[in-house]
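Please read the structure below before turning to the comments.
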Amino acid sequence: MADVVTGNLHSSLWLKSNEPAKAFKNLCKKLTYIEAAGGLVKNEFDEYLTIFRLGKWDLPKGKLEDGEEIPECAVREVKEECGVTVARIIEELPSSYHVYVFKDQLTLKRTYWFSMECLGRPELTPQTEEDIAEVRWVKKDDFALIYENTYPAIMDVLSLVSIR
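Residue 1 is where the sequence shown starts when you use full-length UniProt numbering, and the numbers rise one by one after that.
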């Protein structure tokens, strides 16, 4: 765990167990666990919504608020972070997990992802209070630009575009 805290872990964390659900539950007991939701949003021109936050390309996402449903959170975060209104959720995608330090606590964050659509090609408004410097529509053929400077979990979500 020391490598995670010091930022020296640059790859996946694998749990090997005969009882994976129990192992995961025990891991969650040792970490602060939070849930978030976000969207892989496609417009009518087959472009995908991306954000540039804290020096990396990312997708819009954020923490669940008290009493909020997970899909509702994903739609809200897209609107808040990018100014884009989601017309519909197409499907839930596989969740991603990552570990980071927040307020001196080792934190495990689960992000629920949703494939979404919006109408037209809305004007984009970055939520600068959340350190979003840029919001951009990107064609699937240009994902290589994003892959050069993003997180492994975001690469995994974007890779789903090719197989759907």
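Where a beta carbon is used, it is the ideal one built from N, C-alpha and C, also for glycine.
| query | Unbroken beta strand (DSSP E) runs of length 3 or more, entirely within the UniProt domain "Nudix hydrolase" (32 to 160): which are they? | reply | If we require 3 residues or more, the beta strand (DSSP E) runs fully inside the UniProt domain "Nudix hydrolase" (32 to 160) come out as 32 to 42, 47 to 53, 56 to 58, 61 to 63, 88 to 102, 105 to 117, 132 to 139.
| task | Tell me, please, whether the CB atom of H98 is closer than 7 Å to any CB atom in chain D? | result | Structure shown: chain D not included; a single protein chain is present.
| When you compare each of I90, P94, E130, C82 to L54 by their alpha carbons, which one comes out closest? | Within the sequence shown, the letter at position 54 stands for residue 54. Of all alpha-carbon atoms in I90, P94, E130, C82, the one lying nearest the alpha-carbon of L54 is that of E130.
| task | State the Cα-Cα distance for the pair D46 and L145, rounded to the nearest angstrom. | result | Sequence index remark: in the sequence shown, residue 46 carries index 46 (1-based). Sequence index remark: in the sequence shown, residue 145 carries index 145 (1-based). For D46 and L145, the distance between alpha carbons rounds to 17 Å.
| query | In the structure shown, what three-state DSSP assignment does S17 receive? | reply | Position 17 of the sequence shown, counting from 1, holds the residue named residue 17. Coil, per DSSP.
| said: Between which residues of its own chain and A37 is the CB-CB distance below 6 Å, once the five residues before and five after are set aside? | reply: Position 37 of the sequence shown holds residue 37. These residues qualify, in order along the chain: I70, C73, A74, Y112.
| task | With a cut-off of 8 Å on the beta carbons, I'd call K61 and Y151 a contact; round off their distance for me. | result | In the sequence shown, counting from the first residue as 1, residue 61 sits at position 61. In the sequence shown, counting from the first residue as 1, residue 151 sits at position 151. The C-beta distance from K61 to Y151 rounds to 11 Å, too long to meet the 8 Å contact threshold.
| task | Under 6 Å Cβ to Cβ from D156, same chain only, skipping five residues before and after it: list those, please. | result | Within the sequence shown, residue 156 is the residue found at index 156, counting from 1. Contacts found: none.
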